[in-house]
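Going down the list, the protein sequences come from chains A and B.
At position 32 of the first sequence the residue is numbered 32 (the working numbering), and the sequence of numbers has no breaks.
At position 52 of the second sequence the residue is numbered 52 (the working numbering), and the sequence of numbers has no breaks.
We treat Cβ as the ideally placed atom computed from N, Cα and C, and that holds for glycine.
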Amino acid sequence: SQKIEQNSEALNIQEGKTATLTCNYTNYSPAYLQWYRQDPGRGPVFLLLIRENEKEKRKERLKVTFDTTLKQSLFHITASQPADSATYLCALDGTGGFKTIFGAGTRLFVKA
Amino acid sequence: DTEVTQTPKHLVMGMTNKKSLKCEQHMGHRAMYWYKQKAKKPPELMFVYSYEKLSINESVPSRFSPECPNSSLLNLHLHALQPEDSALYLCASSQAENTEAFFGQGTRLTVV
């Protein structure tokens, strides 16, 4: 069955360091992969989308890679700040067009 | 306007009540979604409307009834819910398949 796994439930890092979050998938051939940020009690906020023919995408301090051979995406936040503390969700397109499936998320804590 | 607006923000209802959740977007998006999210879990897709027609129903119990009156509005009618239906209900919209989704802030539903 199709599965999305995000590396850890929680990740603690020091301010100024680079946070690296992992999203692995099995039994999938997604056309694209997305990353969202979610704060407690609020809806997810879109961050980046990367397509299957793209290796890397950047936006300010964010960088996403997509390796369709390894079936893995890495999400990096450079020069992390306490305000980056949130849950980060990866999402892939499931079968059927509009069907977006979310991973369980990784809770990132950035300590000052 | 890049907002998806959901009302109400909070709702408490008894198991015999009938209530409705409302969602509105004015971005001209052609797809609208309902997701259900339990605490510390990822959003789970419930329904997708594409061009005002129901295109995906993820085997949701009939006590949840979606409605799309026009391209800007999406409703979720609730009837005879169970306590286990208590969750954050999220509405989202997107321009098309394979594009980012914009989420509302959600309705926190409690069934008593």
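### Query
Taking Cβ positions only, does G28/B come closer than 8 Å to chain A?
It does not: the Cβ of G28/B has no partner Cβ on chain A nearer than 8 Å.
#### Entry: Beta-carbon neighbours of F75/A, restricted to chain B and to distances below 9 Å
In chain order: nothing, as chain B lies at least about 15 Å away.
### Query
For the beta strand (DSSP E) that R61/A lies in, which residues bound it at each end?
No beta strand (DSSP E) holds R61/A; DSSP gives it neither H nor E.
### Message
Need the endpoints of the beta strand (DSSP E) that M15/B sits in, please.
### Response
Per DSSP, M15/B belongs to no beta strand (DSSP E) and is neither H nor E.
### Message
Check for me: the beta strand (DSSP E) holding R107/A runs from which residue to which?
### Response
Residues 106 to 111.
### Residues near G113/B in its chain [Cβ-Cβ closer than 7 Å; skip 5 each side]
No answer is possible for residue 113/B: the residues shown for chain B start at 1 and end at 112.
### Message
Three Cβ pairs or more, each shorter than 8 Å: is that satisfied between the segment 5 to 24 of chain A and the segment 38 to 58 of chain A?
### Response
Taking 8 Å as the limit for Cβ pairs, the verdict is that the segment 38 to 58 of chain A does not touch the segment 5 to 24 of chain A.
### Task
Thinking G105/A and Q2/A are a contact (beta carbons under 8 Å), I'd like their distance in whole angstroms, please.
With a Cβ gap of about 17 Å, G105/A and Q2/A do not count as contacting.
### Query
Among K36/B, Q25/B, Y51/B, Q95/B, which one has its Cα closest to the Cα of F64/B?
Ranking the options by Cα distance to F64/B, first place goes to K36/B.
#### Entry: Touch test, the segment 50 to 68 of chain B against the segment 25 to 41 of chain B, Cβ-Cβ under 8 Å, three pairs minimum
Taking a contact to require three or more Cβ pairs closer than 8 Å, the segment 50 to 68 of chain B and the segment 25 to 41 of chain B qualify as touching.
### Message
So that I know if they touch, is there some Cβ in chain A lying closer than 8 Å to that of P8/B?
### Response
So no, P8/B is outside the interface.
### Top-ranked residue by Cα proximity to E24/B, from S55/B, E100/B, P8/B, L109/B
Relative to the Cα of E24/B, the nearest Cα in the group S55/B, E100/B, P8/B, L109/B belongs to P8/B.
### Message
Can you look up D39/A in the DSSP assignment and give me helix, strand or coil?
### Response
Residue state, collapsed to three classes: coil.
### Message
With DSSP as the reference, identify every bridge partner of M27/B, one or two as the case may be.
### Response
Beta-bridge pairing links M27/B to no other residue.
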